[in-house]
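A.B. asks: What follows is a structure written as structure tokens; I'll ask about it next.
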Amino acid sequence: MLGRVVIVGGGVAGLAAAAKLLTSGFRVELLEARDRLGGRAGSFRMGTSWVDPCQHVNLGCCTALRGLLKEFGQERELIRQKCIWFCTKDGRISPFQASPLPEPFHLAPAFLKAHWLGWQDKWAIARGLNHLRNTPLPKTDRPLAAWLKETRQTAGAIEGLWGPVVVSALNEPWSTASFLTAAKVFREGLLGPRGSFEVELPRASLFELYDDGLGRALVEKGLKLRRATRVRQVVFERGKVIGVQTLGSEFIPAEVVIMAMPRYQWSQLLSKAIVSGHPELAQGEELGWAPITGVHLWLDRPITDLPHAALVGGEGHWLFRHRSVPRFVGDPSHYHQVVLSASGPALANGSQSLLERILLELGDYFPTMRKAVLLEAKVITERRATIRPVVGVDQNRPGPKTSQRGLFLAGDWTATGWPSTMEGAVRSGISAAKAVCNASHAEKSKGT
Ligand SMILES: Cc1cc2nc3c(=O)[nH]c(=O)nc-3n(C[C@H](O)[C@H](O)[C@H](O)COP(=O)(O)OP(=O)(O)OC[C@H]3O[C@@H](n4cnc5c(N)ncnc54)[C@H](O)[C@@H]3O)c2cc1C
Numbered sequence: 205m206l207g208r209v210v211i212v213g214g215g216v217a218g219l220a221a222a223a224k225l226l227t228s229g230f231r232v233e234l235l236e237a238r239d240r241l242g243g244r245a246g247s248f249r250m251g252t253s254w255v256d257p258c259q260h261v262n263l264g265c266c267t268a269l270r271g272l273l274k275e276f277g278q279e280r281e282l283i284r285q286k287c288i289w290f291c292t293k294d295g296r297i298s299p300f301q302a303s304p305l306p307e308p309f310h311l312a313p314a315f316l317k318a319h320w321l322g323w324q325d326k327w328a329i330a331r332g333l334n335h336l337r338n339t340p341l342p343k344t345d346r347p348l349a350a351w352l353k354e355t356r357q358t359a360g361a362i363e364g365l366w367g368p369v370v371v372s373a374l375n376e377p378w379s380t381a382s383f384l385t386a387a388k389v390f391r392e393g394l395l396g397p398r399g400s401f402e403v404e405l406p407r408a409s410l411f412e413l414y415d416d417g418l419g420r421a422l423v424e425k426g427l428k429l430r431r432a433t434r435v436r437q438v439v440f441e442r443g444k445v446i447g448v449q450t451l452g453s454e455f456i457p458a459e460v461v462i463m464a465m466p467r468y469q470w471s472q473l474l475s476k477a478i479v480s481g482h483p484e485l486a487q488g489e490e491l492g493w494a495p496i497t498g499v500h501l502w503l504d505r506p507i508t509d510l511p512h513a514a515l516v517g518g519e520g521h522w523l524f525r526h527r528s529v530p531r532f533v534g535d536p537s538h539y540h541q542v543v544l545s546a547s548g549p550a551l552a553n554g555s556q557s558l559l560e561r562i563l564l565e566l567g568d569y570f571p572t573m574r575k576a577v578l579l580e581a582k583v584i585t586e587r588r589a590t591i592r593p594v595v596g597v598d599q600n601r602p603g604p605k606t607s608q609r610g611l612f613l614a615g616d617w618t619a620t621g622w623p624s625t626m627e628g629a630v631r632s633g634i635s636a637a638k639a640v641c642n643a644s645h646a647e648k649s650k651g652t
């Protein structure tokens, strides 16, 4: 019978695993190296505010994350944006929202009214969506680019729809993305039930959502939580997990350890002998990671009334200004954040050059920007934001169960069937918790 569980890593995956195990009656201790929860979906302190290094967006189709937040009373912390505002450099704006038409035609009027797409582009998109809806997915992955060519997508359809969806949702340009991963997002987001394409944004910072909100609720439910506790090693005895050792040399006993952190963070936690004896533990080492950049601007005025904008044809992909982030008490500035996914090429000439280009570009979308005064700016890049969903990526993503007794894996990089996102992280945590429950039942029935 597996009783005491230690989860290493207080990111979204670790929190989801903890939630599921607590409700299944396990004693759970979560150890997080940093002094706050959330991992990559976290925040840092700046003056009087928590700032998210990058705005995190959740699609309406991400039901596991919403379910987790709802279960622990945090669902109201997400603001649903029923309309996506698409903006072009000529200053024009198209609202993109569901119509009352029955599914799957609820988005048809929005596509018809999309000012940035020509008729041939719209026709090509309809053909592509129809193909995705009616054709079973292939067993073997292939380049998304091949599918775009096969379904005769126009340059306008690629630049105006498929490309922006792929880079925003997968953090990978359409030209190098995996078809199977992209098809998952197209099917779930564009062909799913009404509301699947809508975006949800945290009402407050990610710290308030995951640490102060979900973390606190889990502690109330019985989670033993230790922040600022870095695990140095998972300890084994006679072929099974017996606990972990922290950087401060404390031994914490456990029958189960869930390693809920990116693959590249845990090489030191396991000896080479353990990894080489369990081939699935070597999986994931080959995964590539891609950067995301947030350009944070404190301006003397708002440049638009919109809460967010999808920037069609821009170097920046999204603008967010749905919440204020004052730097000090009484700060009169207006906070805006521009997000660039797969931002490697954009950073080729450095952050300052990127900032200057973004400031200029915003003036094309929002003419008020040309008169605005920049009070402060920060360009923040997370180099390893998500795994790269290139062709065949899923072959390198291990499942939650390992052949090492008592050791389980979670994290957005594991095999969830979803891209490396908060939704993927939640699903991985739940899968790891279910695997622990199954292993526990199996051991109980064997009487061990
Ligand atoms: C800039 C950026 C923008 C993003 N935008 C979005 C978005 O819009 N929508 C979306 O859904 N996803 C987005 N993501 C991806 C999302 O943040 C991740 O998929 C998700 O947060 C991963 O969660 P995780 O728990 O798997 O891993 P992590 O968040 O990496 O959590 C791992 C945790 O383990 C801890 N840890 C590591 N080593 C140890 C140790 N030895 N001992 C104890 N603790 C340890 C780490 O400190 C960390 O807290 C973005 C990511 C970034 C970086």
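Quick note: to get my numbering, add 204 to the position in the sequence shown (first position is 1). The beta carbon of each residue, even a glycine, is placed where N, CA and C say it ideally should be.
Do Pro506 and His540 have their CB atoms nearer than 9 Å?
C.D. replies: yes
A.B. asks: Does the Cβ of Gln385 lie closer than 8 Å to at least one heavy atom of ligand 1?
C.D. replies: According to the sequence provided, residue 385 is Thr. The question's Gln does not apply to it. Checking every heavy atom of ligand 1 against the Cβ of Thr385, none is found closer than 8 Å.
A.B. asks: Taking 8 Å as the cut-off, is the CB of Leu273 close to at least one heavy atom of ligand 1?
C.D. replies: Leu273 has its Cβ no nearer than 8 Å to any heavy atom of ligand 1.
A.B. asks: What's the C-alpha gap between Lys353 and His335?
C.D. replies: 13 Å
A.B. asks: Exposed or buried, Asp325, counting other C-beta atoms within 10 Å across all chains shown (16 or more means buried)?
C.D. replies: buried
A.B. asks: Can you list, in chain order, the stretches of the beta strand (DSSP E) that have 3 or more residues and sit fully within the region 569-593?
C.D. replies: 578-591
A.B. asks: Taking the C-alpha atoms as reference points, what is the distance between Ala361 and Lys476?
C.D. replies: 48 Å
A.B. asks: Which whole runs of the alpha helix (DSSP H) in the region 302-334 are 4 residues long or more, in chain order?
C.D. replies: If we require 4 residues or more, the alpha helix (DSSP H) runs fully inside the region 302-334 come out as 312-317.
A.B. asks: Please report how far the alpha carbon of Lys597 lies from the alpha carbon of Asp616, in whole angstroms.
C.D. replies: Rather than Lys, the amino acid found at residue 597 in this sequence is Val. The alpha-carbon of Val597 is positioned some 13 Å away from that of Asp616.
A.B. asks: If I follow the unbroken alpha helix (DSSP H) through Arg270, where does it start and stop?
C.D. replies: 267-275 is the extent of the alpha helix (DSSP H) around Arg270.
A.B. asks: Return the first residue and the last residue of the beta strand (DSSP E) that Pro623 is part of.
C.D. replies: Taken as a continuous stretch (DSSP letters only), Pro623 belongs to no beta strand (DSSP E), as it is neither H nor E.
A.B. asks: Less than 8 Å separating the Cβ of Trp289 from some heavy atom of ligand 1?
C.D. replies: no
A.B. asks: Out of Asp256, Leu226, Leu225, which has the shortest C-alpha to C-alpha gap to Pro530?
C.D. replies: Asp256
A.B. asks: Among Arg601, Arg346, Glu236, which one has its Cα closest to the Cα of Pro483?
C.D. replies: Arg601
A.B. asks: If we call anything under 9 Å between Cβ atoms a contact, is Leu234 one with Gly207?
C.D. replies: no
A.B. asks: Indicate whether the contact test is met: 3 or more Cβ pairs, each with one atom in the region 438-447 and one in the region 299-317, closer than 8 Å.
C.D. replies: Touching, no, given that fewer than three Cβ pairs across the two stretches are closer than 8 Å.
A.B. asks: Kindly indicate which residue of Pro593, Met465, Trp493 has the alpha-carbon position closest to the one of Gly621.
C.D. replies: Pro593
A.B. asks: Measuring alpha carbon to alpha carbon, tell me which of Met465, Leu413, Val640, Ser547 ends up nearest Leu226.
C.D. replies: Val640
A.B. asks: Any chance the region 260-271 sits against the region 619-637, with 3 or more Cβ pairs inside 8 Å?
C.D. replies: Short answer: they touch.
A.B. asks: According to the neighbour-count rule (16 or more other Cβ atoms, all chains shown, within 10 Å of its Cβ), is Tyr414 buried or exposed?
C.D. replies: buried
A.B. asks: On the CB-based measure, 16 or more other CB atoms within 10 Å of its CB, does Asn375 come out buried or exposed?
C.D. replies: buried
A.B. asks: With distances taken from CA atoms, which of Gly567, Asp504, Pro495, Leu563 is nearest Ile591?
C.D. replies: For the residues Gly567, Asp504, Pro495, Leu563, the minimum Cα distance to Ile591 belongs to Pro495.
A.B. asks: From what residue to what residue does the alpha helix (DSSP H) around Phe383 run?
C.D. replies: 383-389
A.B. asks: The beta strand (DSSP E) spanning Lys444 covers which residue range?
C.D. replies: 444-450
A.B. asks: Under the three-state reduction of DSSP, which class applies to Ser480: helix, strand or coil?
C.D. replies: helix
A.B. asks: Can you say whether Tyr468 is buried or exposed, counting buried as having 16 or more other CB atoms within 10 angstroms of its CB?
C.D. replies: exposed
A.B. asks: With DSSP as the reference, identify every bridge partner of Ser253, one or two as the case may be.
C.D. replies: Met250
A.B. asks: Do Leu282 and Glu404 have their C-beta atoms within less than 9 Å of each other?
C.D. replies: yes
A.B. asks: To the nearest angstrom, report how far apart Val435 and Gln472 are at their CA atoms.
C.D. replies: 10 Å
A.B. asks: Name the residue from Glu489, Val369, His526, Val499 whose alpha carbon lies nearest to the alpha carbon of Glu586.
C.D. replies: Val499
A.B. asks: Could you check whether Gly518 and Tyr569 sit closer than 9 Å to each other, using their CB atoms as the reference points?
C.D. replies: yes
A.B. asks: Relative to the alpha-carbon of Ser545, which residue among Leu501, Gly367, Pro536, Phe390 has its alpha-carbon at the smallest distance?
C.D. replies: Gly367
A.B. asks: Report yes if the CB atom of Gly215 is closer than 9 Å to the CB atom of Gly242, and no otherwise.
C.D. replies: yes
A.B. asks: Round the Cβ separation of Val461 and Val445 to the nearest angstrom and send it over; I've been treating them as touching at under 8 Å.
C.D. replies: Sure, about 5 Å apart at Cβ, within 8 Å.
A.B. asks: For His526, which of helix, strand or coil comes out of DSSP?
C.D. replies: coil
A.B. asks: Let me check you understand the geometry: is the CB of Val369 closer than 8 Å to at least one non-hydrogen atom of ligand 1?
C.D. replies: no
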